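Numbering of the sequence shown is given in the UniProt record's numbering, commencing with residue 1 and proceeding in unit increments. Just so you know, even glycine gets a beta-carbon here, dropped at the ideal spot from N, CA and C. Since we're looking at a predicted model, the values are computed, not measured. Data first, discussion second: the structure below is written as structure tokens.
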Amino acid sequence: MSTNDQASSFASQLKSIDSKPRVSSRSCSSEDGDTSQDEGLPASEYGGVEPGSYLKDRRYLIIGRLGSGHFSAVFLAYDYHEKRSVAVKIQRSAEHYIEAARDEIELLRDLRRNDPEGKQPVVHLNDCFELYYDGVEPPKTRKLHICTVFEVLGKTLLSLIRRCRYEGAPLNLVKVI
């Protein structure tokens with residue numbers, strides 16, 4: 001099967017998955033209401049990445065955009081090395097965004113060191129790398145974007161907060177028993 005056929009097959013499988021979060025609490029709305037910020041920003045803000053792009057020596061194939069915010073955009077990708085879907089977060093290129101991304105990576109690595117078996121219900125950093133983008137419009141300055149790779153988890157934390165009307169998440173969603 002060719003790479004394009006694999007990507008097409010993978011994309012069609014993803015369409016069949018019910019992506020709506022399951023919240024069974026009276027305190028949270030059943031409406032999605034997730035409107036990501038900066039949805040209209042050009043691909044150049046996130047390293048020129050768009051569906052069909054390959055990252056990190058063709059390890060990751062970008063399938064589509066999951067969402068974006070002020071600091072970054074998150075893309076659904078296929079990891080050819082691990083043979084599974086992943087979420088690739090691409091930080092915007094500005095010194096304060098890059099610094100925030102590096103701080104996040106340090107924090108996530110500390111979490112991993114303290115939970116080497118991955119038993120705690122905390123997101124784990126699978127990979128991180130730097131993406132350099134030369135841009136398309138003058139001045140064509142080389143821009144650095146920090147990329148982090150995670151398992152695909154679902155909607156954003158902000159969407160959960162909004163669904164729960166800013167009153168906190170129900171204990172059955174966050175408490176480990």
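> Using the rule of at least 16 other Cβ atoms within 10 Å of the residue's Cβ for burial, across every protein chain shown, is Ala-94 buried or exposed?
Replying inline: exposed
> According to DSSP, which residues form a beta bridge with Tyr-60?
Replying inline: Leu-55, Asp-79
> Is it true that the CB of Ser-68 sits closer than 8 Å to the CB of Ile-62?
Replying inline: no
> In terms of alpha-carbon separation, which member of Pro-51, Gly-47, Lys-175, Arg-65 lies closest to Pro-121?
Replying inline: The option with the nearest alpha carbon to Pro-121 is Lys-175.
> When you compare each of Pro-51, Val-88, Thr-148 to Arg-102 by their alpha carbons, which one comes out closest?
Replying inline: Thr-148
>> Can you list, in chain order, the residues of its chain with a C-beta nearer than 7 Å to that of Asp-127? Leave out the 5 residues immediately preceding and following it.
In response: Val-149
> Just to confirm, are Ala-152 and Ser-72 a CB contact at a threshold of 8 Å?
Replying inline: Checking the sequence shown, residue 152 turns out to be Val, not Ala. Not a contact, by the Cβ cut-off of 8 Å.
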